[in-house]
Amino acid sequence: MSGYPHRHLLGIESLQPSEIVTILDTAEGLREILDRPLKKVPALRGKTVVNLFYESSTRTRASFEVAEKVLSADSLSIAAAASSVQKGETLLDTAKNLEAMNPDMIVLRHSAAGAAHFLARHCRAAIVNAGDGAHEHPTQALLDALTLRQRKGRLQGLRVAIVGDLLHSRVARSNIWLLSKMGAKVVLCAPPTLVPPGIDALAPVTHRIDEAVEGADAVMMLRIQRERMTGAYYPSDREYHLRFGLTEARVKKAKKDVLILHPGPMNRGVEIASEVADGPYSVILDQVTNGVAVRMAVLLLLLGGSGGPGDAEHPPAQRASAGSTPARAKDS
Amino acid sequence: MSLLILLKGGRLVDPAQRIDARRDVLLEDGRVAAVGAKLSRRGAQVIDADGLVVCPGFIDLHVHLREPGREDKETIATGTRAAAAGGFTAVCAMPNTSPVNDNSGITRFILDKARSGGAVRVYPIGAITRGSRGEELAEYGDLKDSGCVAVSDDGRPVASARVMRRALEYARAFDLPVVDHCEEPALFERAAMNEGPVATLLGLRGAPAAAESIVVERDIQLAELTAGRLHVAHLSTAAAADAVRRGKARGVRVTAEVTPHHLLLTDQAVKDSDYDASTKMNPPLRSEADRRAVVEALRDGTIDAIATDHAPHTVDDKKVEYEEAAFGVVGLETAVGLCLDRLVGPGLLTLPHLVALLSIRPARAFGLPGGTLAPGSPADVTVLDLDRTRKVEPARFQSKGRNTPFGGWTLKGAAVMTIVAGQVVWQERR
Numbered sequence: 167m168s169g170y171p172h173r174h175l176l177g178i179e180s181l182q183p184s185e186i187v188t189i190l191d192t193a194e195g196l197r198e199i200l201d202r203p204l205k206k207v208p209a210l211r212g213k214t215v216v217n218l219f220y221e222s223s224t225r226t227r228a229s230f231e232v233a234e235k236v237l238s239a240d241s242l243s244i245a246a247a248a249s250s251v252q253k254g255e256t257l258l259d260t261a262k263n264l265e266a267m268n269p270d271m272i273v274l275r276h277s278a279a280g281a282a283h284f285l286a287r288h289c290r291a292a293i294v295n296a297g298d299g300a301h302e303h304p305t306q307a308l309l310d311a312l313t314l315r316q317r318k319g320r321l322q323g324l325r326v327a328i329v330g331d332l333l334h335s336r337v338a339r340s341n342i343w344l345l346s347k348m349g350a351k352v353v354l355c356a357p358p359t360l361v362p363p364g365i366d367a368l369a370p371v372t373h374r375i376d377e378a379v380e381g382a383d384a385v386m387m388l389r390i391q392r393e394r395m396t397g398a399y400y401p402s403d404r405e406y407h408l409r410f411g412l413t414e415a416r417v418k419k420a421k422k423d424v425l426i427l428h429p430g431p432m433n434r435g436v437e438i439a440s441e442v443a444d445g446p447y448s449v450i451l452d453q454v455t456n457g458v459a460v461r462m463a464v465l466l467l468l469l470g471g472s473g474g475p476g477d478a479e480h481p482p483a484q485r486a487s488a489g490s491t492p493a494r495a496k497d498s
Numbered sequence: 011m012s013l014l015i016l017l018k019g020g021r022l023v024d025p026a027q028r029i030d031a032r033r034d035v036l037l038e039d040g041r042v043a044a045v046g047a048k049l050s051r052r053g054a055q056v057i058d059a060d061g062l063v064v065c066p067g068f069i070d071l072h073v074h075l076r077e078p079g080r081e082d083k084e085t086i087a088t089g090t091r092a093a094a095a096g097g098f099t100a101v102c103a104m105p106n107t108s109p110v111n112d113n114s115g116i117t118r119f120i121l122d123k124a125r126s127g128g129a130v131r132v133y134p135i136g137a138i139t140r141g142s143r144g145e146e147l148a149e150y151g152d153l154k155d156s157g158c159v160a161v162s163d164d165g166r167p168v169a170s171a172r173v174m175r176r177a178l179e180y181a182r183a184f185d186l187p188v189v190d191h192c193e194e195p196a197l198f199e200r201a202a203m204n205e206g207p208v209a210t211l212l213g214l215r216g217a218p219a220a221a222e223s224i225v226v227e228r229d230i231q232l233a234e235l236t237a238g239r240l241h242v243a244h245l246s247t248a249a250a251a252d253a254v255r256r257g258k259a260r261g262v263r264v265t266a267e268v269t270p271h272h273l274l275l276t277d278q279a280v281k282d283s284d285y286d287a288s289t290k291m292n293p294p295l296r297s298e299a300d301r302r303a304v305v306e307a308l309r310d311g312t313i314d315a316i317a318t319d320h321a322p323h324t325v326d327d328k329k330v331e332y333e334e335a336a337f338g339v340v341g342l343e344t345a346v347g348l349c350l351d352r353l354v355g356p357g358l359l360t361l362p363h364l365v366a367l368l369s370i371r372p373a374r375a376f377g378l379p380g381g382t383l384a385p386g387s388p389a390d391v392t393v394l395d396l397d398r399t400r401k402v403e404p405a406r407f408q409s410k411g412r413n414t415p416f417g418g419w420t421l422k423g424a425a426v427m428t429i430v431a432g433q434v435v436w437q438e439r440r
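For the record, the sequence lines run as chains Z and P.
So the number in this note's numbering is just where the residue sits in the first sequence, counting from 1, plus 166.
So the number in this note's numbering is just where the residue sits in the second sequence, counting from 1, plus 10.
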C-alpha cells in the first residue's frame with residue numbers, strides 16, 4: 167500500500183493524482199465486500215478508530231462507522247453534543263484525552279476550517295478530515311469521483327458543473343481540487359454573493375445556470391447552507407430556485423446521460439427540484455454506497471492494516487457488484 | 011548607578027539633527043549633555059560604542075501591556091522588559107485593559123506600576139469612549155492631566171461617524187491625537203483573516219481590505235471637517251495608504267503607523283503555516299499587493315511610524331482552532347531585528363529613515379518628549395549592532411507572550427543596549 171504515502175488525509179489539495187487513483191482503485195476493490203452476505207473482513211482487527219463529530223452529520227458519520235465495522239476496526243463515535251465539549255473543554259484537550267486511549271486514527275468533523283490540521287499538529291494518531299468548516303471534505307470528493315468514474319468510465323475530460331453555495335462549501339473545494347487534478351473540466355455556478363473571491367483561479371465561474379449545465383456530463387448540486395449564513399446572500403428561496411435551481415428543463419440542456427450528484431442533505435425546491443433529485447439521472451444514493459467503500463479505502467491505506475481485501479478470510483465473491491452500478495475494471 | 015555616561019566612538023544616527031556620523035554622546039542626570047566628535051568627561055562611565063550605531067531611544071506607539079486585568083498575558087513589568095530587550099525606550103499602552111483605561115484612576119494605576127516596576131517609559135493611551143463602547147466620550151481633560159498622550163478604542167473600531175466626529179472635535183481642546191482602529195464592523199464580521207484567494211482555499215471567513223480603507227477615508231474626512239488630529243493605527247492596505255497620502259497632501263492632520271508583520275508577511279503565511287494561530291491578528295495579514303503598497307508608503311513618507319501592536323496572549327488563547335484563536339502577535343522583541351534585516355538590509359529603507367520611523371516621527375505624531383539626542387533631550391538611547399545575527403527564539407522572550415509568526419527566523423542586526431533616562435536598562439552580552 168505504498169500508493170498513499172501520507173500519514174493523514176486532511177484535504178485533496180495536497181494529493182497527487184496518482185494518490186487519488188490509488189484511493190479510488192482501493193475503494194473499487196473493497197466495494198464488493200459490501201455485497202457479501204457476511205460483510206466483514208479482519209483487515210483492521212485490533213485497530214482503534216475514534217469518530218469525533220463536532221457537527222451533526224448523518225451520512226458521513228454512519229458511512230465511517232459502517233466502513234470501520236466492515237474492516238473489523240474497534241471504533242467509537244463521539245458526538246460533540248454528548249461529550250464534555252459542552253462543559254467547555256477545548257478541542258485539543260478532548261483530543262489529548264482520547265489519545266490517552268491510544269487510538270490509531272481520529273476521524274474529525276468540525277465547524278472550524280483547519281481543525282483537522284490542528285489535530286494533526288498536536289496528536290500522534292492518523293487524522294482523517296471528515297469536513298472542516300468551509301475548507302475541505304476529502305472523502306466526499308473521493309466518493310463523488312468514484313461514482314463518476316464508475317458511471318462514465320473516466321474522469322479525464324468530463325465536463326462537470328458545480329452549482330450552488332460555493333462560498334460555504336467544503337464539498338465544492340474538495341471536488342474542484344480533485345476533478346481538476348484528474349483532468350476534468352469544471353464549471354462553477356452561483357449567484358455572485360455565494361462565489362468566494364479568487365475561486366475563478368481554479369475553475370471558470372458563471373452566474374447563469376443554463377450556461378453551466380449546457381453539455382455537462384455531470385452536475386454537482388451544493389446545498390444552500392442557511393446555518394452558516396448571516397444576512398441576505400440572495401433575496402428569497404423562490405428567486406434562488408427560479409434563477410439557480412436545477413429543474414428538469416435545465417437538466418435537458420446537459421448531455422443525455424448526465425449524472426446529478428448532491429452531497430446531501432437536500433433542500434428540495436430550492437437548489438434542486440424533487441423531480442430531478444428523484445429522477446433517473448440521479449446517482450445520489452449510489453454516492454452513499456460509494457461513500458462506505460471510499461472510507462474503507464482510506465482507513466485501510468492510512469492504517470496499513472494487515473493488507474488489502476485479499477487478506478480477508480473470505481475471498482472476494484465471484485460476482486459483479488450489485489445494483490444499478492456497473493462494475494468497472496480497475497485502473498491497471 | 012552612574013548618572014554620567016559617555017557613549018564613545020559610535021556612529022550616531024539622529025535624523026532630527028540630521029546627523030549620521032561618528033560622534034560621542036554624553037548623558038548626564040537623565041538628559042543629553044553634549045554631542046561631539048571627541049568628548050571626554052571625568053567620572054563618566056565610558057561605554058565603548060565603536061562599531062555600533064547610537065540612536066535616539068525607539069518609541070513604540072502601539073503596545074498592549076494587558077495590565078490591569080490580564081496579567082496572565084502580560085504585565086507592565088514583563089511588557090516593558092520586553093520593550094527594553096527589543097530596543098524600545100518608550101511604549102504607548104493601549105487602553106483595552108480590564109477595566110478599560112477610560113478614567114484617570116486607571117491611568118494613574120498604569121503610571122504607578124510603570125514607575126515602580128517598569129523598565130522603560132510608559133505613555134498611557136486613554137479610551138475614546140467610556141468602556142470603549144463607542145457611545146459616550148471619555149473624560150479627555152482628566153485623561154490628559156493624569157498622563158494620557160492620546161485616545162483610542164483600539165481593538166474596537168469607532169463604529170459611529172457621529173461619535174468619531176465628536177471625538178476628533180473635542181480632543182482638539184487638549185491637543186490629543188485620536189487613534190482609530192479603522193475597521194467597518196459590518197464588513198469584518200466574524201472574519202479570521204484577509205478576504206481573498208488564500209482565505210477561499212482555506213475555507214476561512216475573510217474581511218476585505220475595504221473594511222479598513224472605508225473607515226480610513228471616513229476618518230480623514232472627519233479630521234478635515236473638525237481640524238482634529240487623527241492617527242491611523244496599524245495601517246495594512248493599499249487603499250488606506252493612498253487615503254492617508256491624499257489626506258496629507260491636502261493638509262489634513264493625519265499620521266499613520268504600520269507594523270513589521272504587515273510589512274513583511276502576507277495572508278499566504280496562514281496557509282504556509284497550516285492554520286497556525288500565530289499568523290492571526292487584526293487587521294489581518296493582507297495580500298502581496300497590499301504589502302508592497304504599505305512598504306511603498308513607508309518609503310515615500312506617507313507612514314510616520316513603525317509600531318508593533320505588541321499583543322501578548324497565553325498559549326491557551328492561541329492553541330485552539332484558527333477561527334477561535336485570539337487576534338494578535340507579540341512584536342517588541344522582534345521589530346528592530348526584522349526592520350534591520352528585511353527593510354534596511356535589502357535597501358528598502360536607509361538606516362536613518364528607519365531610525366526616524368522608530369524615534370522622531372512617532373515622537374512628533376503623539377507629541378512625546380525624545381526622539382532625538384539633541385542636547386537637553388531625555389537621555390533615552392538605543393544602541394544597535396548591525397552585524398549581530400540572532401535567531402528569533404520565542405521561548406527566550408522577556409514578554410509572557412510567545413505568539414509570533416517569526417519564530418526561527420535568523421535576523422542580522424539587533425538592538426544591543428537600551429538606555430532610559432541615562433540608565434542602562436538592557437544590555438546584550440557581546
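We put the beta carbon where it would ideally sit given N, CA and C, even for glycine.
CB contact check: residue i to chain P, cutoff 8 Å
| i | result |
| --- | --- |
| Leu309/Z | no |
| His373/Z | no |
| Pro171/Z | no |
| His407/Z | no |
| Glu302/Z | yes |
| His174/Z | no |
| Ile178/Z | no |
| Ile365/Z | yes |
| Arg336/Z | yes |
| Phe230/Z | no |
| Arg339/Z | yes |
| Arg287/Z | yes |
Chain P residues whose Cβ lies nearer than 8 Å to that of residue i
| i | result |
| --- | --- |
| Leu258/Z | Lys329 and Val330 |
| Asp298/Z | Gly213 |
Where residue i sits in the DSSP three-state scheme
| i | result |
| --- | --- |
| Pro195/P | helix |
| Met11/P | Any answer about Met11/P is weak, because its pLDDT of 47 lies below 50 and its placement is not dependable; what the coordinates show is given next. Coil at Met11/P, not helix or strand. |
| Thr107/P | coil |
| Arg325/Z | strand |
| Tyr150/P | helix |
| Leu273/P | helix |
| Pro207/P | helix |
| Thr428/P | strand |
| Asp452/Z | helix |
| Ser369/P | coil |
Any C-beta of chain Z under 8 Å from that of residue i
| i | result |
| --- | --- |
| Asp60/P | no |
| Glu222/P | no |
| Pro388/P | no |
| Glu194/P | no |
With 16 other Cβ atoms within 10 Å as the buried cut-off, status of residue i
| i | result |
| --- | --- |
| Leu235/P | exposed |
| Asp326/P | exposed |
| Asn106/P | buried |
| His74/P | buried |
| Met267/Z | exposed |
| Pro388/P | buried |
| Val130/P | buried |
heavy atom of the ligand MN below 7 Å from residue i C-beta
| i | result |
| --- | --- |
| Gly347/P | In the structure on display, the ligand MN does not appear, and there are no ligands present to speak of. |
Per-residue contacts from residue i into chain P (C-beta, under 9 Å)
| i | result |
| --- | --- |
| Ala281/Z | Tyr285, Glu331, Tyr332 and Glu333 |
| Phe219/Z | Within chain P, no residue comes near Phe219/Z; the closest Cβ sits about 15 Å away, beyond 9 Å. |
For residue i: DSSP bridge partner residues
| i | result |
| --- | --- |
| Ala245/Z | Phe219/Z |
| Ala528/P | Since the first residue shown for chain P is 11 and the last is 440, residue 528/P is missing from the structure and cannot be characterised. |
| Pro66/P | Val391/P |
Proximal residues of chain P, C-beta to C-beta of residue i below 7 Å
| i | result |
| --- | --- |
| Ala278/Z | Glu331, Tyr332, Glu333 and Glu334 |
| Pro362/Z | Thr210 |
Chain-ordered chain Z contacts of residue i [CB-CB under 8 Å]
| i | result |
| --- | --- |
| Gly417/P | Those do not exist, as Gly417/P stays about 14 Å from chain Z at its closest Cβ, beyond 8 Å. |
Partners in chain Z for residue i, counting only beta-carbon separations shorter than 7 Å
| i | result |
| --- | --- |
| Glu205/P | Pro363 |
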